[in-house]
Amino acid sequence: MEGLPYDEALRCVQCGYCLPACPTYRTMEKETHSPRGRINLVRMLAEGRTDWKVVEEPIDLCLGCRACEEACPVGVPYGQILEETRHYLRERRMKENPGKGDRALAWLLRNVWPEPDRLQAAGDFVWMYQRMGPVGRWGASWPIWPEGMRAFAPVLPKVDGPRTRRRAPRVYRPVDKDAKPVGTAMLFRGCIMDVLFQHLNRLTGEVAAKFGWKVVVPDDQRCCGALHAHAGDLDGAKELAKRNIAAFEASGAEVILHNAGGCGAMLTEYPRLLADDPEWADRAAKFAANVKDISELAVQAPDSAFVREVPLRVTYQPSCHLRNVEGVKNEPVEVLRRIPGVEYVEMEEMDRCCGSAGIYNAVHYEESMAVLDEKMEKAIRTGTDWVVTSNPGCLLQMRLGVRRSGSAAEGGPKEAIHLVELLAWACGVEEVGGAGGKV
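Mapping to UniProt numbering: the sequence shown position 361 is 361, numbers consecutive.
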C-alpha cells in the first residue's frame, strides 16, 4: 500500500530480541504493543490484510524511545517505520474522520510551535497562572483539563517573566576575553525549552562560555520538528528542518549546541528527513554532523573550568533519544564523574525509558505512569539525593515520579535536576536545584 514503509518493515525477521527492550511490551504484555508486533501490523496493512484502524492504537501507544533499534541484530530502522506509519495514519484520519483533538493538534503544530512569538505568549499565560498562587492551583484542577496536564502543573519550573524571556542574551562570550575562543557554537534554544526552561538555555550558554566557547543564539531558528514528526506531520517537520539548517549556515558557527536530548536526536535525523530533496540533502548532512549535546563539550573542558565542589550523591536517567538516536551514551556519566564532590551511583536498567516521550505523558497518562512507576523503583534503590536528566521532558517526568512514589521519604531521590544545572554549579555560574530552585 502506497505511503507505508513496507520495504523497511520486511527487514524485521521477528526474532524477538526487541521484546525485553520495549517499555510498552513490559507494562502492557501484548504482542501488538511490541516493536515486532507493530512492524507486523504495518506489513499486514501494506498487504491489505488488515484495516488502518486496527493499526492505529498500537502505533499511537508506542513511546518512540528507539531502544528496540539498539537491541535489533539486523538493524531494522524502527524510527523510520514508526514516523512514516504515523504520517500515513494521520493522513487517513484527517481525510476520513478527524476528531476535535486531531484538528486542535494540527492547528497547534502549524500555527503555534513554529512561531516563537506565539510560544512566548503561551509562556506569558503560564507565568500568570503561576503568579496566581492558590487560585492558579485551583484552576489547574478543573476537570476540563486532561489528567496528564493536571498532574504536571505542580512540577513545572518557575517560568521567567515576559520581559526576561524576551530579553534573553543573543551572544555569550568566553570568560577569558584575551583568549581565542575554542570555537563558535549556535545554541539551539528549542520551543518548549525557550519558554518553560529558558533558565536552562541561559545556563547552557554561560557554561559553554566557561568552557571557552563563543555562543550565538540566532533569532531565525525554529522548533526542531520532533513533535511534528512524532505526530505524523512530516511535511511540517521538513519545513522546520530547512529553516534551522539555514539559520545555522547564516550564524557562522561550527557547532549546533543543545541541552535537550529529544531536540538533539531530531536535529541529527535531518539527513534522513531530507534525503529525497536534492537542494537540502547535503546541507542536512553537514548540519547533523555538527550537532553536540552540552555533555560533549563538558567532557573536553579543562579541569580549571570546575571551580566548585557539588556535594551531592546522584544517579542518571538518560534521555532515550540522546542515547539511542544521537548516540551520546557515555559523555553525561563521564561529566558527572568529573564534577568535584559528586558521587555517582548507576541506576539499574538506566537505559529504560522513563515514559515521558514528548507529549506522550500528557495524552497517554496512565500508560506513561506505568512505565514511570517501574523506573522509580530502580531510582529509589540507588539511595541517591538527586536524579540527573538530560532532557526537559525527562526532567518533568522524574520530578513527578519523585512526588508519586514519595521517594524522598523512602530514602530515594528528593528531586530531579538537569545536567546543565550541575555544570552551572560546578563552574561557579549559579548554585541551583531542581528546575531552577535554590538548593
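The beta-carbon is built from N, C-alpha and C at its ideal position, and this holds for glycine as well.
Here the structure is a predicted model, which is why all the values come from computation and not from measurement.
Around the beta carbon of R36, 16 or more other beta carbons lie within 10 angstroms, which makes this residue buried. Per the C-alpha coordinates, the member of K238, L119, G428 positioned closest to V310 is G428. Where V335 is concerned, there is no enclosing beta strand (DSSP E), although the alpha helix (DSSP H) around it starts and stops at 331 to 338.
The three-state reading of DSSP puts L257 in strand, counting E and B together. For M186, the number of other beta carbons within 10 angstroms of its own is at least 16, and it is reported as buried. Each of L395, G383, K30 was checked against the Cα of L372, and the nearest Cα belongs to L395. Of the residues assessed, V171 falls on the exposed side of the cut-off, its CB having fewer than 16 other CB atoms within 10 angstroms. In summary, K177 is exposed, with fewer than 16 beta-carbon neighbours lying within 10 Å of its beta-carbon over all protein chains present. DSSP, reduced to helix, strand and coil, places W113 outside both helices and strands of the structure shown, so it counts as coil.
A168 and G393 have their C-alpha atoms some 22 Å from each other. Assignment of beta-bridge partners to A185 by DSSP yields V215, V255. Remark: three or more beta-carbon pairs, one from each stretch, lie closer than 8 Å, so the stretch 66 to 80 and the stretch 9 to 19 are flagged as touching. In this structure, T268 lies near V291, with their beta-carbon atoms less than 7 Å apart. In this chain, H418 is not harboured by any alpha helix (DSSP H); it is covered by the beta strand (DSSP E) spanning 415 to 418.
Rounded to whole angstroms, the separation of the alpha carbons of R110 and P332 is 34 Å. A Cβ-Cβ distance of about 16 Å is found for the pair P162 and F197, leaving them out of contact under the 8 Å criterion.
When DSSP states are grouped into helix, strand and coil, D282 belongs to the helix group.
Annotation for D293: no alpha helix (DSSP H) segment contains it, though the beta strand (DSSP E) segment containing it runs 291 to 293. If you keep only unbroken beta strand (DSSP E) runs of at least 3 residues inside the stretch 71 to 125, you get nothing at all.
Separation of E84 and L240 (C-alpha to C-alpha, rounded to the nearest whole angstrom) is 17 Å.
If you check the CB distance, G205 and V215 come in under 7 Å. By the 16-neighbour rule on beta-carbons within 10 angstroms, A121 is exposed. DSSP, read as helix, strand or coil, puts V155 in helix. With a beta-carbon spacing of about 4 Å, A46 and L4 fall inside the 8 Å limit used to define contacts.
With respect to the 7 Å criterion, A260 and P271 are not classified as neighbours on the basis of their beta carbons.
For R167, no alpha helix (DSSP H) segment is defined, and its DSSP state is neither H nor E.
Taking F211 as the centre and dropping the five residues before and after it, the same chain places the C-beta of L297, A301, A305 closer than 6 Å to its C-beta, in chain order. V387: member of the beta strand (DSSP E) spanning 386 to 389, first to last residue. Going by C-alpha positions, T27 is about 10 Å away from S368.
For V182, the CB contacts under 6 Å within the same chain, skipping 5 residues up- and downstream, are G212, W213 in chain order.
Shown here, V171 sits in a strand according to DSSP, grouped into three states.
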